[in-house]
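Sequential numbering from 7 applies to the sequence shown in the numbering used here. Every residue gets a Cβ at the ideal spot worked out from N, C-alpha and C, and that includes glycine.
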Amino acid sequence: MLTLYSFGPGANSLKPLLALYEKGLDFAPRFVDPTRFEHHEDWFKAINPRGQVPALDHDGNVITESTVICEYLEDAFPDCAVKLRPADPVAIAEMRVWTKWVDEYFCWCVSTIGWERMIGPMARAYSDAEFEEKVARIPIPEQQVKWRHARAGFPQATLDEEMRKIRVSVARLEARLAQSKWLAGPNYSLADICNFAIANGMQHGFADIVNPAATPHLVAWIEAINARPAAQAMFAKSKSEMAARAPANAA
């Protein structure tokens with residue numbers, strides 16, 4: 007039995023969610039509501055003490071960290087017809103260079119801007135007492151600091167540096183995709199899924215940087231993944247499942 011706890015089809019949660027759909031594996035989706043801080047509730051911290059999604063429960067074994075979960079699915083289901091990791095060791099290494107890069111560089115600069123734009127207003131809507139109560143339940147000290155930065159507003163110098171890193175990231179993706187349809191060679195792989203999780207939507211949120219004129223290959227790659235049957239099913243079913251959960255949240 008597979009159960010995936012996630013925020014839904016976006017950012018790091020999208021990685022294992024899309025991998026599960028691509029591989030056609032049966033699983034139970036459990037959407038955790040970040041606006042209600044469900045990932046910091048005791049019931050979820052009993053699953054992942056770090057209070058972070060995604061988390062995969064496979065027959066009582068909990069696997070965390072989005073890219074690790076994706077690789078785990080390749081290892082745990084070796085007979086699955088769909089392979090998202092290359093067979094050739096050199097190609098595997100190339101795939102992991104891209105997944106390591108997105109985890110350690112690309113994700114973080116995009117995340118900071120996202121926190122400034124979306125989490126900041128939410129954090130500032132709480133009273134001081136409400137905010138402190140919620141922060142006290144966050145198990146990771148660095149995440150507490152990030153919430154405080156979001157509430158106060160990130161320094162402009164920080165935002166400028168993160169935007170510089172985003173431009174570097176976009177240029178790297180565009181250069182690679184000008185040479186190859188997929189990031190780690192001729193075949194679609196976890197390299198594409200993990201980077202798509204962060205790049206998808208940048209053509210809207212960062213339209214001055216990611217657009218058909220400036221980054222035609224990156225935009226075509228985003229569109230190609232969005233057009234895949236697994237991605238379309240993931241977005242459609244996740245939207246329906248999350249909507250079905252909304253009345254319970256509102257109760």
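- A Cβ-Cβ separation of about 11 Å leaves Ala203 out of contact with Ala197 under the 8 Å criterion.
- Rounded to the nearest whole angstrom, the CA to CA distance from Pro161 to Gln58 is 25 Å.
- Val103 and Ala135 have their C-alpha atoms some 44 Å from each other.
- DSSP places Thr118 in no beta strand (DSSP E) but in the uninterrupted alpha helix (DSSP H) bounded by Cys113 to Gly120.
- When C-alpha distances from Pro60 are compared across Glu28, Asp94, Leu23 and Asp81, the shortest belongs to Leu23.
- Contact between the stretch 94–110 and the stretch 62–69 is absent: fewer than 3 CB-CB pairs across the two stretches fall below 8 Å.
- Assigned with DSSP and collapsed to three states, Thr9 falls in strand.
- One Cα belongs to Val88, the other to Lys29, and the distance between them is close to 5 Å.
- Approximately 6 Å separates the beta-carbon atoms of His64 and Ala82; this is inside 8 Å, confirming the contact.
- The distance from the Cβ of Leu26 to that of Leu90 is about 10 Å, inconsistent with a contact at the 8 Å cut-off.
- For Pro147, there is no enclosing beta strand (DSSP E); the enclosing alpha helix (DSSP H) has its first and last residue at Pro147 to Ala158.
- When C-beta atoms of the stretch 180–195 are compared with those of the stretch 143–154, fewer than three pairs fall below 8 Å, so the two segments do not count as touching.
- When DSSP states are grouped into helix, strand and coil, Leu62 belongs to the strand group.
- Judged by DSSP in its simplified three-state form, Gly191 adopts strand.
- Here Met124 is exposed. Its C-beta has fewer than 16 other C-beta atoms within 10 Å.
- DSSP, read as helix, strand or coil, puts Val38 in coil.
- Taking a C-beta distance under 8 Å as the contact criterion, Ala237 and Ile231 qualify as a contact pair.
- Burial check for Gly159: the Cβ neighbour count within 10 Å stays below 16, so the residue is exposed.
- Residue state for Asn201 is assigned as helix, using DSSP reduced to three classes.
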